[in-house]
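Peer 1:
4 protein chains.
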Amino acid sequence: MQNRFNSISPMDFKYYGGDKELFNKLNPYLSENATIKYRLRVEAALARVLARKKVCTKGIADEIERACKKITAEEVFAEEERIRHDLRALVNCIRNRVSVKAKPYVHLTATSFDIRDTAEALRFKEFANDVLIPELVELEKILIKIALKEKDTLQIGRTHGQHAEPITFGFTIAGYVSRLGQRIHKIDWTSSHLKGKFSGAVGAYNASGLFFQNPEEFEKEVLKELGLEPSQSSTQIVEPEAMTDFIHSIISTFGILADLSDDLRHLQRTEIAEISEYFGEKQVGSSTMPHKRNPISFENVKSLWKAFMPRIITVYSDQISEHQRDLTNSASSRFIPEMLAALAVASKRLSKTMEKLHVDKAAMKRNFDLSREAIVAEPLYILLAHHGHPNAHEHVKEMTLKSQQEKIPFSKLINEDESLKPYLKKFTKQQLEIIKNPEKYTGMAAKKAEKIAVFWKKELGC
Amino acid sequence: MQNRFNSISPMDFKYYGGDKELFNKLNPYLSENATIKYRLRVEAALARVLARKKVCTKGIADEIERACKKITAEEVFAEEERIRHDLRALVNCIRNRVSVKAKPYVHLTATSFDIRDTAEALRFKEFANDVLIPELVELEKILIKIALKEKDTLQIGRTHGQHAEPITFGFTIAGYVSRLGQRIHKIDWTSSHLKGKFSGAVGAYNASGLFFQNPEEFEKEVLKELGLEPSQSSTQIVEPEAMTDFIHSIISTFGILADLSDDLRHLQRTEIAEISEYFGEKQVGSSTMPHKRNPISFENVKSLWKAFMPRIITVYSDQISEHQRDLTNSASSRFIPEMLAALAVASKRLSKTMEKLHVDKAAMKRNFDLSREAIVAEPLYILLAHHGHPNAHEHVKEMTLKSQQEKIPFSKLINEDESLKPYLKKFTKQQLEIIKNPEKYTGMAAKKAEKIAVFWKKELGC
Amino acid sequence: MQNRFNSISPMDFKYYGGDKELFNKLNPYLSENATIKYRLRVEAALARVLARKKVCTKGIADEIERACKKITAEEVFAEEERIRHDLRALVNCIRNRVSVKAKPYVHLTATSFDIRDTAEALRFKEFANDVLIPELVELEKILIKIALKEKDTLQIGRTHGQHAEPITFGFTIAGYVSRLGQRIHKIDWTSSHLKGKFSGAVGAYNASGLFFQNPEEFEKEVLKELGLEPSQSSTQIVEPEAMTDFIHSIISTFGILADLSDDLRHLQRTEIAEISEYFGEKQVGSSTMPHKRNPISFENVKSLWKAFMPRIITVYSDQISEHQRDLTNSASSRFIPEMLAALAVASKRLSKTMEKLHVDKAAMKRNFDLSREAIVAEPLYILLAHHGHPNAHEHVKEMTLKSQQEKIPFSKLINEDESLKPYLKKFTKQQLEIIKNPEKYTGMAAKKAEKIAVFWKKELGC
Amino acid sequence: MQNRFNSISPMDFKYYGGDKELFNKLNPYLSENATIKYRLRVEAALARVLARKKVCTKGIADEIERACKKITAEEVFAEEERIRHDLRALVNCIRNRVSVKAKPYVHLTATSFDIRDTAEALRFKEFANDVLIPELVELEKILIKIALKEKDTLQIGRTHGQHAEPITFGFTIAGYVSRLGQRIHKIDWTSSHLKGKFSGAVGAYNASGLFFQNPEEFEKEVLKELGLEPSQSSTQIVEPEAMTDFIHSIISTFGILADLSDDLRHLQRTEIAEISEYFGEKQVGSSTMPHKRNPISFENVKSLWKAFMPRIITVYSDQISEHQRDLTNSASSRFIPEMLAALAVASKRLSKTMEKLHVDKAAMKRNFDLSREAIVAEPLYILLAHHGHPNAHEHVKEMTLKSQQEKIPFSKLINEDESLKPYLKKFTKQQLEIIKNPEKYTGMAAKKAEKIAVFWKKELGC
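Line by line, the protein sequences give chains A, B, C and D.
According to this note's numbering, the first sequence holds residues 5 to 466 in order.
According to this note's numbering, the second sequence holds residues 5 to 466 in order.
According to this note's numbering, the third sequence holds residues 5 to 466 in order.
According to this note's numbering, the fourth sequence holds residues 5 to 466 in order.
1) Express the C-alpha separation of Gln-186 (chain B) and Trp-2 (chain B) in angstroms, rounding to a whole number.
2) Can a CB atom of chain C be found closer than 9 Å to the CB of Asn-100 (chain B)?
3) Apart from the five residues on each side of it in sequence, which residues of its chain come closer than 6 Å, Cβ to Cβ, to Tyr-282 (chain A)?
4) Is the CB-CB distance between Gln-328 (chain C) and Ile-171 (chain B) below 9 Å?
5) Mark Gln-272 (chain A) as exposed unless 16 or more other C-beta atoms lie within 10 angstroms of its C-beta, in which case mark it buried.
6) Taking Cβ-Cβ distances shorter than 9 Å, what residues in chain C pair up with Met-247 (chain D)?
7) Assuming contact is defined by CB atoms lying nearer than 9 Å, are Glu-129 (chain A) and Leu-232 (chain A) in contact in what I supplied?
8) Mind the definition here: the region 379-393 of chain B touches the region 420-429 of chain B only if three or more C-beta pairs lie below 8 Å; say whether that holds.
9) Looking at C-alpha atoms only, which residue of B:Arg-86, B:Arg-43, B:Lys-18 is the closest neighbour of Gln-287 (chain A)?
10) Quick check: Ser-13 (chain A) and Lys-310 (chain B), are their CB atoms within less than 9 Å of each other?
11) Buried or exposed: which applies to Pro-58 (chain D), given that a residue is buried once 16 or more other Cβ atoms fall within 10 Å of its Cβ?
12) Glu-281 (chain C) bridges to which residues according to DSSP?
13) Keeping to the same chain, check which residues put their C-beta closer than 7 Å to that of Leu-464 (chain B); ignore five residues upstream and five downstream.
14) Please classify Gln-159 (chain B): does DSSP put it in a helix, a strand, or coil?
15) Buried or exposed: which applies to His-164 (chain A), given that a residue is buried once 16 or more other Cβ atoms fall within 10 Å of its Cβ?
16) Along the region 305-318 of chain A, where does the CB come closer than 7 Å to a CB of chain D? Name the residues.
17) Taking C-alpha atoms, which residue in C:Ala-348, C:Pro-219, C:His-197 lies nearest to Met-448 (chain B)?
18) Tell me whether Glu-169 (chain A) sits in a helix, a strand or coil according to DSSP, three-state version.
19) Taking the alpha carbon of Glu-36 (chain D) as the point to measure from, which residue in D:Leu-54, D:Val-181, D:Glu-377, D:Phe-339 has its own alpha carbon closest?
20) Using a Cβ-Cβ cutoff of less than 6 Å, which residues in the same chain neighbour Leu-147 (chain D) once the five nearest sequence positions on both sides are dropped?
21) Could you name the residues of the same chain whose beta carbon sits closer than 7 Å to that of Lys-461 (chain A), not counting the 5 residues immediately before and after it, in chain order?
22) Below 7 Å on C-beta distance, what does Ala-178 (chain C) contact in chain B?
23) Do you know how far the Cα of Asp-330 (chain C) is from the Cα of Ile-241 (chain C)?
24) Starting from the beta carbon of Arg-275 (chain C), find every residue of chain A whose beta carbon is closer than 8 Å, and list them in chain order.
25) What residue does the alpha helix (DSSP H) around Arg-52 (chain D) start on, and which one ends it?
26) Return helix, strand or coil for Gly-63 (chain B), following the three-state DSSP convention.
27) Could you give the DSSP three-state label for Pro-234 (chain D): helix, strand or coil?
28) Could you say if the region 16-36 of chain C and the region 23-33 of chain D meet the contact criterion of at least three C-beta pairs nearer than 8 Å?
29) Please report the straight-line C-alpha distance between Lys-401 (chain B) and Ser-355 (chain D), rounded to a whole angstrom.
30) Taking its Cβ as the centre, do 16 or more other Cβ atoms sit within 10 Å of Gln-323 (chain A), making it buried, or is it exposed?
31) Could you compute how far the alpha carbon of Ala-51 (chain B) sits from the alpha carbon of Glu-243 (chain B)?
32) Counting along the chain, where does the alpha helix (DSSP H) carrying Ala-311 (chain B) start and finish?
33) Pick helix, strand or coil for His-89 (chain A), following the three-state DSSP scheme.
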């Protein structure tokens, strides 16, 4: 019934549905098909361990595994419509495809959420590892390249939207390299700490205890098949905190993408114009204003962040589950894959945009020159203070005001201020140099840009 | 490429995708197809008014209107892929379908957001009116029926999860009738106060001012074609507050559905068991515990609320748009239709569940009886106080404690307490009756249930 | 024990604690003292109506009322520490201050939340009316003044942070006048629709029904004493939706203040510098950069919005209360006064800042001139299209690109483009004038600014 | 001016202001006094390192340090009122207290946020270490005690609010021991990974680079004085992600307290009554219903969670800071201490409540007995399946329905069902035992409770 155009949810039809490459990347992990496939993988792993533990034969386990590989989401949905229980529907589908002899061993000892929670941990972990982290590393790689290339490109640093002290554009980007690099590590950590469970309906191994002396050992073995570890304790569900950690790592990474996009959006303002998004030949900027070149990709990333960031509230709300569990986290947790898809989409879009980013060094210089003289204020006051001026901060502040109000160049004021002379004499050559050429007052910007870029290049092997 | 099973967003594949009736209701307003259709309706209305104002001929307007009726979402998406601007793509599609003579009049004087914001207001208003409100009224109707039917059904009122004073089950439901009824009015008000605009790229009617002496009049006329009114002021976009009002009405309505569901979930607890969801013959309660009858619909509604309520944050965030607008509300606002769909889905599910709700009067009586005697405490202390007992509250509290600790029936304590005698004598017959038969201590519960039910039945004509 | 400096909550010590005037405004409505005072007002009103209904004598009611006027928060807190119930503590304090004869009539028929919910509605309504709305009207007044004064001040309109079409600064501000004016009306509406209740422990008038034939009438009468109306239905608490409406009106108003602050922050950017906050003579801009003049008040308002906007989630969560109520909304709802205080604080700060706002018309002109020529693009393409050019949008877009890439003035390109000649000939005089003098291309900006300003001046009598 | 009773913020006056012990614990870290004290500690550390690096003399550093120890919040506030810059005010206060010779070295090379961000990291880290973690460990200790004491206490496990399979009450609590233990580790990790900075106004060490060849080394040394490490990169502020990690650990811990409280609230329901909060002799349950014993502490903890959880949105919003920083995170971040205080308050309240928790084993047994027979369903169907029954799940489900509808004991149905005989014969003795005595069907509950309790007792040394 559905297709791209009669969908309501914009993620599918709008934000990756038209991008075949992205669609093919996300689909095997995050779609409803994937949900089913992963659950079937867990059922198959269970069967294998049952056989290994001699509860059933190897032949039966193979039969179940073969069935699991054939079942489709469509088939499971049809059965669910009949019996109104998604996991039991899946179990019925397996049972329908195996011999009478094998039927009793399908899903044996398991409760729905042994399968469901384990499958979720598994697919999110694999998605992070196979798709999301590589996507973010791709972005990181591009940022590293810019950081290195522009490490010496003079840019005015801005605080409160006001010109502050000079830095370099490479340094600006390197800050994001550092932050994103660390978040990639965080996602790696949180995704690989997602837990599975095979402890039954209330977490006490009631059912598996009927078959095994050490059902915790059995749980560990099934999960090991899938590369997972068990939740330290569980009820019907795994402890929810590992999932909150994972989503926190996702959302806090998204925040970095949004912050970068926001900065670049503003740097593309007409009056600033230090950078701009690439603008395709056939692209239209505005339906009425043909001259417009808008930072639509940066705006899009910020906007997706606004759409997805608040959803952390849902995840925290789902920490509350009554007793050995209520089902009020069921519908809500189905939206988690969308959050993961959104970060991948935003990351890819940002990569594509950053790759073709136009950097206008001349504009950066022009903007720096606007504040050229005022910039001297900080080193001047610090050095004056250092060399013994009793009231350097106030004095320099007044000079600044005078320079602005009376439109006298700040350098002129410095030269003419007799009260400064005794102190200026004590300045080192390098210190005087900075007072004269404030573009040299970039501190460690270039060095730090390089250091960070090189560190993360090595750390992530990118 | 997409279908129900390779989608990521659960709304489409899971929460109405399998329900043909609901799909057919929501699709014409909320899908991407609908987005395009509504924008085309706005373009056609614009053309009609241009003709009426003699800017173009009636023939040209007709030509444009015919084109608007033929264009598909698919066509527009293909063009958007080429030029990366959704609204310009739509304009191009119209232009491609009209004569050379008509081309210049397509979209004339309009900016993208004249079309987009107006189309959004229009489809949300119509959706509220045609689908959402009727869906909620349907639920209200069922609740009214229960309120009337159960107006005399004794139930213990609960505060803090503790037995408090008696009410009736009809009264319980009537509270929801009242709250939902008022919210239906609120949605009606907020949806019909959504605004359109035709004030151009920065809201100052720059372009339309080239053609009309009174461009505000022109704006009013185009919007009147569509049954809308203009935003009092606008930039590139309408004032965002009307949308926040609308979404607030949606979310606060959702809260009522969640609250009702939560109450009923708890009334279905094994130990309480006053009500239960209907359980289909082929339905499966639990994959491992065949005896389970779970309140899955109530849980589902609560869960959907948890998924959608936090999204109000996105809507409030979108109130902030720099200067005459930035595009950071674009992706985020595309998720609004999903919020509307979710409320419709939840309402329908709750209607279906409430319609078949099993009410167990015997269980309600059994639970009441648990606290039968303690219930007397409130009227007793109030009447004692009224009839002059100097320390009624403390005295009765001590009696209660004694009754509990020493397992003596409260009625026995009353009878044996000599200090109470002088006061009990002053009780009216009706007052004594309540002390003896606390099931009569339901106050106005039945009357109020009826009053509210009848009021809303009439008010909503349902 | 506490004082301004050993407090943890920043609202008290930081955001109005040092402002005596604001402190004196907020304190009588929002402090803990006020909480107690309002509850005592409700108890007194109850006593008066009990006397009027002949349940007690006028003398007793007077005695209770006198006691209510004397009780302090300190006294109630001390009693609460003893018995761990805030409302019962208050009742005990009244009882301790009246004669034995009067004691039984204190709080008679009421439950704690009859008092508490009614007192909250009352103080929020009065706070909105007496403090918050006047504070917002004060801001509105200042905005109206600016809108009128600057209605003709040319400013470039900006979308996506890019220069778009020209407007006037008065028009920019008028948009906020319109939005804020409407929200003031909304707060007025929502605060005056807050409801009280006197329906007892579970909302069924169980206790008051012991005394009155028509306890709803009794409820109405007590509330009328206080200028309130009863909730249509209630449990132990009033229907929560009216409070969500009120808080929504607060938060959506806050969003407008944040949006305005954000715009002005950006207009104060070094490169734009169209406006600036007043900078006191002794004020320090930066601890290290004496030349800095930062938009700290605009930043502060935006920041307070970020702190308070998300709290709507708490209010929506409190819509869910089990059965006839659980107490999980108790602590959370105590934070509502802080939200109200925060909006008042932000509004006052913005008023003070806007009052002294420095508007730099020359800078606005300078920025406009940056895009002077490109601005012509929109009217040019529209008029070309209108006068029959078959492909105006594309053609003008290419001209724009050429002008940018080859640094040829756009006006020159227009003059030299032979293909345009036939169409330019058809332009009216006024149309040609705009193409030549794009500063005239401000549409209705000035008129609309005036219209909106005048409308709200009259509407709010300010 | 302020005191406990004229405050608006409830945290101070209500939630710990009356608790002297808690007040004395929180105040030295979280109050405004503490804010100032910590900043002074950072200024003193800076002076020490300047002396060590020979920028100033040891004598000067000592002079500065002595001044730092004397300054009060009151003094700083007074100066701030004059110059409207909090950090510069603090610097002025130090300068006013040192000799002319020392003045230039106060705050030398630092920017406001070198001090502010470093001081915040320091006090939050120390608060976590000295107060919050010990408070949570105290709670954990009490939970461990209950888990061990009640490890064998039979309780029915509940999913969907429905009776599921049996566990023990110690197992229920052990789940929380596990979750809380892990979160304590998480808070430990995140608080000790909060970072400081001494990289100057835009993060490029511009100012410190005037004095030191290796200003990163200098930064490291100052921070080492305080037990901190530098942010890998910084702008004017430290990278915000470490703070989001810390707050995430706080909020996700709060969720566990809320979940536990919610569970216990429900277990205290009149119909369930398995546990109850201790009820003081003079405590009042309800102002009108003397018999009420309400779970007010559990409700309070849940309510505080609802008040504070949504504030994570503010923290994520503060990840976005324009360029080298805007100040829109300033007011908002001042509310972080309140979040920390709230968790400490909630933890202490829960500790006190859990310590005196009344556990009613008889009630647990009574509730278990309600479902005694149905509980057999799971092991029965699993074992039947295991022993070759072709359709065990369906068959047992039908038996359950029959038992319920026809009120026939389930055990009787088992005995009478001829079709089951061949399979029952294959059951082991232990398996038959569980079918007959379902209270033995608690799986690993007791063992697991003990294992978890012992593990965390050792891990946390409590």
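Idealized CB from N, CA, C, for every residue including glycine.
Peer 2: So, from the listed chains and residues:
1) Because chain B is modelled from 5 through 466, residue 2 (chain B) falls outside the range shown and cannot be assessed.
2) no
3) Lys-360
4) yes
5) buried
6) Ordered by position in chain C, no residue passes the 9 Å Cβ test against Met-247 (chain D), which lies about 14 Å from the chain.
7) Checking the sequence, you will find Lys at residue 129 (chain A) rather than Glu. Going by C-beta atoms, Lys-129 (chain A) is nearer than 9 Å to Leu-232 (chain A).
8) yes
9) B:Arg-86
10) no
11) Residue identity differs from the one stated: residue 58 (chain D) is Lys in this sequence, not Pro. Exposed: under 16 other Cβ atoms inside 10 Å.
12) DSSP output for Glu-281 (chain C) lists no bridge partner at all.
13) Val-141, Glu-144, Gly-185, Ile-188
14) strand
15) buried
16) Met-313, Pro-314, Ile-316, Ile-317
17) C:Pro-219
18) strand
19) D:Phe-339
20) Ile-177, Tyr-180, Val-181
21) Ile-148
22) Ser-237
23) 10 Å
24) The sequence given here places Glu at residue 275 (chain C); Arg does not occur at that position. Neighbours of Glu-275 (chain C) on chain A, chain order: Arg-273, Glu-275, Ile-276, Asn-371, Leu-374.
25) 36-56
26) helix
27) strand
28) no
29) 27 Å
30) buried
31) 25 Å
32) 300-312
33) coil
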